[in-house]
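Numbering (the numbering used here), first residue to last: 38 to 254.
All C-beta atoms, glycine included, are put in the ideal place defined by N, C-alpha and C.
So, in structure tokens, the structure goes:
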């Protein structure tokens with residue numbers, strides 16, 4: 038091999054060595070740059086843990102079956118994930134004059150609404166906002182015959198509590214024939230007819246039950 042060939046060979050290996058050294062230095066720097074940009078310099082799978090759990094807002098069949106074996110099955114609306122959700126409950130309504138059926142049904146439903154949720158309901162994230170001491174009475178002389186008077190005026194209840202009461206009453210013996218609920222308070226104000234709508238059930242905190250005034254008799 039000539040001196041020139043030897044020099045060319047050294048130059049070739051020198052260039053290759055320099056390139057290899059540059060690559061060796063460039064890889065860590067590339068990793069730092071990519072890391073600084075929020076990009077991982079590896080394709081190794083990363084375990085980010087389980088996905089966030091979702092609130093079911095539903096009770097199991099066994100929970101419902103246990104409740105329904107102790108009395109008359111009714112449906113009340115509780116609050117779950119900022120919406121109204123129906124829950125099966127059982128009530129016992131005592132005997133009384135036929136004219137008081139609506140009042141007795143209304144009080145039984147109020148008692149259920151104000152009752153703290155069961156353990157199973159709590160686990161499903163159900164809550165209630167209806168006050169425990171709320172009572173209901175029949176109409177006054179100048180009220181419609183289907184009116185119910187609450188011990189707290191409807192306007193003084195929280196939006197969630199009023200929505201719970203209206204939607205629970207609307208599908209029960211406490212409702213009027215057209216499904217509306219006529220409610221008043223303990224004061225002299227006239228009662229009003231309330232309606233449970235889909236908007237109320239899905240947005241009870243911001244969508245009050247639609248209501249209309251009633252004529253005094």
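In chain order, what residues of the same chain lie with their CB nearer than 7 angstroms to the CB of residue i, ignoring the 5 residues before and after it?
{"i": "residue 210", "result": "138, 139 and 142"}
{"i": "residue 166", "result": "116, 195, 197, 198 and 201"}
{"i": "residue 206", "result": "143, 146, 212 and 218"}
{"i": "residue 153", "result": "none"}
{"i": "residue 126", "result": "104, 111, 113 and 149"}
{"i": "residue 171", "result": "147, 151, 187, 188 and 189"}
{"i": "residue 94", "result": "117, 118, 122, 161 and 162"}
{"i": "residue 216", "result": "207"}
Using a Cβ-Cβ cutoff of less than 6 angstroms, which residues in the same chain neighbour residue i once the five nearest sequence positions on both sides are dropped?
{"i": "residue 247", "result": "232"}
{"i": "residue 236", "result": "244"}
{"i": "residue 175", "result": "140"}
Could you pull the DSSP bridge partners for residue i from this structure?
{"i": "residue 219", "result": "230"}
{"i": "residue 242", "result": "Answer by DSSP bridge pairing: none, since residue 242 is not bridged."}
{"i": "residue 117", "result": "120"}
{"i": "residue 164", "result": "116"}
{"i": "residue 248", "result": "231"}
{"i": "residue 111", "result": "126"}
{"i": "residue 173", "result": "187"}
Given a cut-off of 7 angstroms on the beta-carbon distance, is the pair residue i and residue j in contact?
{"i": "residue 230", "j": "residue 249", "result": "yes"}
{"i": "residue 113", "j": "residue 124", "result": "yes"}
{"i": "residue 251", "j": "residue 228", "result": "yes"}
{"i": "residue 238", "j": "residue 121", "result": "yes"}
{"i": "residue 96", "j": "residue 161", "result": "yes"}
Looking only at its own chain, which residues have a Cβ that is under 8 angstroms from the Cβ of residue i, when we skip the five neighbours before and after it?
{"i": "residue 131", "result": "141"}
{"i": "residue 164", "result": "115, 116, 117 and 154"}
{"i": "residue 193", "result": "222"}
Worksheet entry | alpha helix (DSSP H) segments (min. 4 residues) lying fully within the region 175-209 | 196-206
Worksheet entry | Cβ contact check for the region 217-235 and the region 186-194: 3 or more pairs under 8 angstroms | At 8 angstroms Cβ cutoff, the stretches touch.
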